[in-house]
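S.K.:
Residue numbers (my numbering), protein chains in the order written: chain A, 996 to 1365; chain B, 996 to 1365.
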């Protein structure tokens, strides 16, 4: 039954959600995961300084957080060497994407993204009545230039690309992203989701003028900074667009502890470097585990590795389910041909021991299942 | 300059924000407030158990919070003796109001609220292209039945009332709210904002069936529970409407520490009772301070007191500014005739000492200013 007061748009929206949380799966299964490797969280944890800052801020939780997140916003601006007017802090990239879509996508407007790309972007576009053109991957890579070409045909308002890519893990070099920007049709905005950028080679990072009206970049404290539970992300973009968020955002929406934690995390470069080192090691080990099982790991510039299970989506899904039964939480891409893969987050040695033990019997189960 | 890619609606929105935070004022003034009595935060703080729960959860901040907030949602449901399907947890009442307006108010749809009522509701309605009918207060009380009558004329989708009332502090008895529900025209939804309900006399609380399709109630952990910085609120309402939030909400938006803190706060009834007692005392003292200065305090069923400064909005604004210069943060209603008042949050003895000291010279300044 649908509430009769919903707008026609709201009434038309599907009941599906972008992601089912691991807790929901745990409740369904009746047991907890022993290795949480499905949401690309940083199992290596946040900076101890961030934990300390959040714990101290908890005592002041009776106060609303600063609605301008001034201290954090200025620190981010300094970190990037840009004016604070180019920075907008929000409740994770998910929250910022929702606001960006709301600001720019009206009913019937087109956006372009990759087939099998980030479902939450699609969720927001659909939620605001936009229409989505899905461009197939070029093999296991986002077809960067095809996204831009399709935008010219459809007159799309937004062109979304995650670089490094989720769910496949690859990265385009700086020249490719810069070529996208140059080829972008008038009236379109490139939404460059850089959630995993800290794990990519420095040389691959595109140089983008924050004042460039053609691009908005999105960053997060949820991945390399290990603060997924805090919900803090930020956008870097042209000032008029960044300012427009004030017209629609939940001004007091940013948790006070989250602001303190993100600031401390940003300033702890050593911890970040430590995490990146650990992730590099974990990627190698995941690749080795895949190889030991006769599978192929795709190259990754993120904190996860897509493993080609060598069959189709139905098979990979059985692998995911069989791993879950053995206490390992992983996810997989949603559409063919990407969905022949499973996606495994970089874990600690102990997490990957669990994965290494669970994978052979999970594959066996998947192969013998009906 | 406006970004050219904004939707016509976004481009038309004003740049004003619902509230300026005290931190922004402090930065402008160049000094900090010594008494923070303007945002109706609970100066008495959250439950120590909530602080402890948040501090423990901070160590797990690398994990996303449960997107279903299952534990908290079930605890809230048990607290109210209702099925969890009637409960939706969100990022404060502000966040929930935004989602509710998005779900129900399309471009050109009407809503009804009070003239001088909660600005953030108006902000959301305007932000989604809705139109607002403002009903004047009946003296210093919300004109409850006039709201409903106006909804019948305009075919409004939503009728908003805060009970107890913000910014004036009064409360309508249960019979009045129940009469509103009975008189509500078909197709309208009563949005009953109960942010301050814990401070009101128990006898005044209306009995509302959570399955009643005519009403959605909003509660928060920001006021009596002292967790404004955590950003947690919840809605109680009919299941189809509660379920519809899943179509548009930021599923992973609820901070992990916030979920833990709210749960612990909900279970600490002793702390809540302690806070209510302190607030009752503070209200009496604020009234006495007003009286000592020849001013009249309005009756309050909230954690703040509106003080009638005996003149007009310009005068009250000078009082607010003069108090700020003396380190006291208070706010005032936005429209006449309510804006002859200043609104003072219930504070600790020390906070109210500062207020008591600052008020006479602030009034003096206001009286002699140009």
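The beta-carbon is built from N, C-alpha and C at its ideal position, and this holds for glycine as well.
With 7 angstroms as the threshold, decide whether the Cβ of residue 1002 of chain B is near any Cβ in chain A.
M.R.: Within the second chain, the letter at position 7 stands for residue 1002 of chain B. Cβ-Cβ to chain A under 7 angstroms: yes for residue 1002 of chain B.
S.K.: Three or more beta-carbon pairs under 8 angstroms between the stretch 1011-1028 of chain A and the stretch 1209-1216 of chain A, yes or no?
M.R.: These segments do not touch.
S.K.: When DSSP labels each residue in this structure, what does residue 1203 of chain A get in the three-state scheme?
M.R.: For this step, residue 1203 of chain A is matched to residue 208 along the first chain. Here residue 1203 of chain A sits in coil by DSSP.
S.K.: Going by the beta-carbon positions, is the gap between residue 1248 of chain A and residue 1058 of chain B smaller than 7 angstroms?
M.R.: Working through the first chain from its first residue, we reach residue 1248 of chain A at position 253. Working through the second chain from its first residue, we reach residue 1058 of chain B at position 63. Contact: no.
S.K.: Which partner residues of residue 1059 of chain A appear in the DSSP bridge assignment?
M.R.: Walking along the first chain from the start, residue 1059 of chain A turns up at place 64. Answer by DSSP bridge pairing: none, since residue 1059 of chain A is not bridged.
S.K.: Check the C-beta distance from residue 1016 of chain B over to residue 1061 of chain A and give it rounded, since I have them as a contact under 8 angstroms.
M.R.: For the purposes of this step, residue 1016 of chain B is taken as the residue at position 21 of the second chain. For the purposes of this step, residue 1061 of chain A is taken as the residue at position 66 of the first chain. Residue 1016 of chain B to residue 1061 of chain A, Cβ: 6 angstroms. Contact.
S.K.: Would residue 1032 of chain B and residue 1265 of chain B be called neighbours here (beta carbons separated by less than 7 angstroms)?
M.R.: Working through the second chain from its first residue, we reach residue 1032 of chain B at position 37. Working through the second chain from its first residue, we reach residue 1265 of chain B at position 270. Going by C-beta atoms, residue 1032 of chain B is not nearer than 7 angstroms to residue 1265 of chain B.
S.K.: For the stretch 1143-1176 of chain A, enumerate the residues whose C-beta is nearer than 9 angstroms to any C-beta of chain B, in chain order.
M.R.: The residues in question are 1152, 1153.
S.K.: Hey, how far is the Cα of residue 1074 of chain A from the Cα of residue 1277 of chain B?
M.R.: Along the first chain, read from residue 1 onward, the residue named residue 1074 of chain A stands at position 79. Along the second chain, read from residue 1 onward, the residue named residue 1277 of chain B stands at position 282. Roughly 44 angstroms separates the two Cα atoms.
S.K.: When the Cβ atoms of the stretch 1175-1182 of chain A are set against those of the stretch 1043-1052 of chain A, are three or more pairs found closer than 8 angstroms?
M.R.: Touching, no, given that fewer than three Cβ pairs across the two stretches are closer than 8 angstroms.
S.K.: Threshold first: 3 residues or longer. Then list the beta strand (DSSP E) segments lying entirely within the stretch 1271-1340 of chain A, N to C.
M.R.: Segments of the beta strand (DSSP E) lying fully in the stretch 1271-1340 of chain A: 1299-1303, 1336-1340.
S.K.: Which word fits residue 1313 of chain A, buried or exposed, when buried means at least 16 other C-beta atoms lie within 10 angstroms of its C-beta?
M.R.: What you label residue 1313 of chain A is simply residue 318 of the first chain in a count that begins at 1. With 16 or more Cβ atoms within 10 Å of its Cβ, residue 1313 of chain A is classed as buried.
S.K.: Please report the Cβ distance between residue 1045 of chain A and residue 1222 of chain A, rounded to the nearest whole angstrom; I am assuming they are in contact, meaning their Cβ atoms lie under 8 angstroms.
M.R.: By 1-based counting over the first chain, the position of residue 1045 of chain A is 50. By 1-based counting over the first chain, the position of residue 1222 of chain A is 227. That belief holds up - the Cβ atoms of residue 1045 of chain A and residue 1222 of chain A are roughly 6 angstroms apart, short of 8 angstroms.
S.K.: Could you confirm whether any beta carbon from chain A is found closer than 7 angstroms to the beta carbon of residue 1340 of chain B?
M.R.: Counting from 1 along the second chain, the entry for residue 1340 of chain B is found at position 345. Residue 1340 of chain B does not count as touching chain A.
S.K.: Give the secondary structure of residue 1000 of chain A by DSSP, where H, G and I count as helix, E and B as strand, and everything else as coil.
M.R.: Taking the first residue of the first chain as position 1, residue 1000 of chain A is located at position 5. Of the three classes helix, strand and coil, the one that applies to residue 1000 of chain A here is coil, per DSSP.
S.K.: Quick check on residue 1300 of chain A: buried or exposed, where buried means 16 or more other Cβ atoms within 10 Å of its Cβ?
M.R.: Walking along the first chain from the start, residue 1300 of chain A turns up at place 305. Burial call: buried.
S.K.: Run through DSSP, which three-state label would residue 1366 of chain A get?
M.R.: No answer is possible for residue 1366 of chain A: the residues shown for chain A start at 996 and end at 1365.
S.K.: Identify each residue in the stretch 1193-1209 of chain B for which the Cβ-Cβ distance to at least one residue of chain A is less than 7 angstroms, and report them in chain order.
M.R.: Cβ contacts with chain A come from no residue of the stretch 1193-1209 of chain B.
S.K.: With residue 1149 of chain A as the anchor, note down where its alpha helix (DSSP H) starts and where it stops.
M.R.: As a working mapping, residue 1149 of chain A is identified with position 154 in the first chain. Start and end: 1139-1149.
S.K.: Note down, in chain order, every chain A residue with its Cβ under 8 angstroms from the Cβ of residue 1023 of chain B.
M.R.: Mapped onto the second chain, residue 1023 of chain B falls at position 28. The contacting residues do not exist; residue 1023 of chain B stays about 11 angstroms from chain A at best.
S.K.: Considering only the beta carbon of each residue, do residue 1236 of chain B and residue 1135 of chain B sit closer than 7 angstroms?
M.R.: Against the second chain, residue 1236 of chain B aligns to sequence position 241. Against the second chain, residue 1135 of chain B aligns to sequence position 140. For residue 1236 of chain B and residue 1135 of chain B, no; Cβs fall outside 7 angstroms.
S.K.: Return the residue from the list B:1082, B:1141, B:1067 that minimises the CA-CA distance to residue 1254 of chain B.
M.R.: Position 259 of the second chain holds residue 1254 of chain B. Looking at the Cα atoms, B:1067 is the closest of the given residues.
S.K.: Using a 10 Å radius around the Cβ and a threshold of 16 neighbouring Cβ atoms, would you call residue 999 of chain B buried or exposed?
M.R.: What you label residue 999 of chain B is simply residue 4 of the second chain in a count that begins at 1. Flag for residue 999 of chain B reads exposed.
S.K.: What does a CB cutoff of less than 6 angstroms around residue 1145 of chain A pick up in its chain, not counting 5 residues either side in sequence?
M.R.: The sequence position of residue 1145 of chain A within the first chain is 150, counting from 1. So the qualifying residues of the chain are 1107, 1128, 1130.
S.K.: Between residue 1353 of chain B and residue 1321 of chain B, which are expected to be in contact by the criterion C-beta below 8 angstroms, what is the C-beta distance as a whole number of angstroms?
M.R.: The count along the second chain starts at 1 and reaches residue 1353 of chain B at position 358. The count along the second chain starts at 1 and reaches residue 1321 of chain B at position 326. That belief holds up - the Cβ atoms of residue 1353 of chain B and residue 1321 of chain B are roughly 4 angstroms apart, short of 8 angstroms.
S.K.: What three-state label does DSSP hand residue 1045 of chain A in the structure shown?
M.R.: To locate residue 1045 of chain A, count along the first chain from 1; it is residue 50. Note: residue 1045 of chain A maps to helix in three-state DSSP.
S.K.: Go ahead and label residue 1260 of chain A buried or exposed: buried means 16 or more other beta carbons lie within 10 angstroms of its beta carbon, across all protein chains shown.
M.R.: For this step, residue 1260 of chain A is matched to residue 265 along the first chain. Per the 10 Å Cβ criterion, buried.
S.K.: Just checking, does the stretch 1181-1193 of chain B make contact with the stretch 1145-1160 of chain B on the three C-beta pairs under 8 angstroms criterion?
M.R.: Judged by Cβ distances under 8 angstroms, the stretch 1181-1193 of chain B makes contact with the stretch 1145-1160 of chain B, as three or more pairs qualify.
S.K.: Which residues in chain A sit within 7 angstroms of residue 1125 of chain B, going by Cβ to Cβ distance?
M.R.: As a working note, residue 1125 of chain B is residue 130 in the second chain. Chain A residues near residue 1125 of chain B: none, gap ~10 angstroms exceeds 7 angstroms.
S.K.: Going straight from the alpha carbon of residue 1243 of chain A to that of residue 1362 of chain A, what length do you get?
M.R.: The residue given as residue 1243 of chain A occupies position 248 in the first chain. The residue given as residue 1362 of chain A occupies position 367 in the first chain. So the alpha carbons of these two residues sit roughly 50 angstroms apart.
S.K.: For residue 1078 of chain B, which residues in the same chain have their Cβ closer than 6 angstroms to its Cβ, ignoring the five residues on either side in sequence?
M.R.: Taking the first residue of the second chain as position 1, residue 1078 of chain B is located at position 83. Answer for residue 1078 of chain B: no residue qualifies.
S.K.: Closest by CA to residue 1181 of chain B, which one among B:1204, B:1148, B:1339, B:1190?
M.R.: On the second chain, position 186 is the one that residue 1181 of chain B refers to. The shortest Cα separation from residue 1181 of chain B among B:1204, B:1148, B:1339, B:1190 belongs to B:1148.
S.K.: Assuming contact is defined by CB atoms lying nearer than 7 angstroms, are residue 1190 of chain B and residue 1284 of chain B in contact in what I supplied?
M.R.: Residue 1190 of chain B sits at position 195 when you count from the first residue of the second chain. Residue 1284 of chain B sits at position 289 when you count from the first residue of the second chain. For residue 1190 of chain B and residue 1284 of chain B, no; Cβs fall outside 7 angstroms.
S.K.: Taking 8 angstroms as the limit between beta carbons, can you name the residues of its chain near residue 1356 of chain B, skipping five residues before and five after?
M.R.: Residue 1356 of chain B sits at position 361 when you count from the first residue of the second chain. Cβ within range, chain order: 1317, 1321.
S.K.: Can you check DSSP and say which residues form a bridge with residue 1082 of chain B?
M.R.: On the second chain, position 87 is the one that residue 1082 of chain B refers to. B:1231.
S.K.: If we ignore side chains and look at the alpha-carbon of each, how far apart do residue 1203 of chain A and residue 1172 of chain B end up?
M.R.: For the purposes of this step, residue 1203 of chain A is taken as the residue at position 208 of the first chain. For the purposes of this step, residue 1172 of chain B is taken as the residue at position 177 of the second chain. Cα-Cα distance, rounded: 56 angstroms.
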